[in-house]
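Here is the structure we will look at.
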Amino acid sequence: IFDYIRRIENPEMYSSNSKLQLNPALIEQLIHEQKKNREIQELILKRTNIMTEMNKTLELIKKFSVKAEPTIRNTIFNLFQAHNTLNPKEIIEKTNFDKEIVFSIISELHNEDLIQLTSKGRYKLK
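Per my numbering, the very first residue in the sequence shown carries number 1332; after that it's consecutive.
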């Protein structure tokens, strides 16, 4: 009974001369489509790997360009001169720089003994 119902619901899966065999043309088509899908998945995987490598390279370029860019550093230093104390969040809001850039420049200024960290978690000029 169930085979009969399946044949009625999906007649394209069964050949007309046999009630129990699947249509070989349909099986070949499914195999071909599955191969296409695998090739597309492999291509997508390769491209995502390339994109992740490109993103890593871009991050390195950003870090080195920030260190080489003195105007960003001067902007943050001038901001410290204009205000008594600042926390990193205020610096990010006032300059609209990326937080990683701000933190790297703050750490550079701190290492050069130009600014110091207060007990309240704010930075000020020495």
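We put the CB at the ideal spot given by N, CA and C, even for glycine.
Being a predicted model, the structure only gives us computed values, none of them experimental.
From what residue to what residue does the beta strand (DSSP E) around L1448 run?
I1446 to L1448
Span of the alpha helix (DSSP H) holding K1425?
P1419 to T1426
Hey, could you find the ends of the alpha helix (DSSP H) I1455 is sitting in?
Before going on, a small fix: residue 1455 reads as Lys here, not Ile. That residue, K1455, is in no alpha helix (DSSP H); its beta strand (DSSP E) goes Y1454 to L1456.
Alpha carbons only, please: which of E1424, F1395, L1410 and I1336 is nearest the one belonging to L1456?
L1410
Inter-stretch contact (C-beta, 8 angstroms, three-pair minimum) for the stretch 1399-1418 and the stretch 1444-1456
yes
Taking the CB atoms as reference points, tell me whether I1422 and I1407 lie closer together than 8 angstroms.
yes
Which residues in the same chain have their Cβ closer than 8 angstroms to the Cβ of K1430, if we skip the five residues on either side of it in sequence?
P1419 and I1423
Q1412 versus K1366, L1445, L1374 and R1337, residue with shortest Cα-Cα distance
L1445
Can you tell me whether I1392 is buried or exposed, with buried defined as 16 or more other CB within 10 angstroms of its CB?
exposed
Could you name the residues that DSSP lists as bridge partners for T1416?
K1455
Could you tell me which of I1432, Q1365 and K1425 sits nearest to M1404, measuring between CA atoms?
The sequence as given places Arg at residue 1404; Met does not occur at that position. For R1404, the nearest C-alpha among the options comes from I1432.
Start and end of the alpha helix (DSSP H) containing I1332?
Segment: none, I1332 is in no alpha helix (DSSP H) and carries neither H nor E.
Euclidean distance between Cα positions of K1367 and N1386:
29 angstroms
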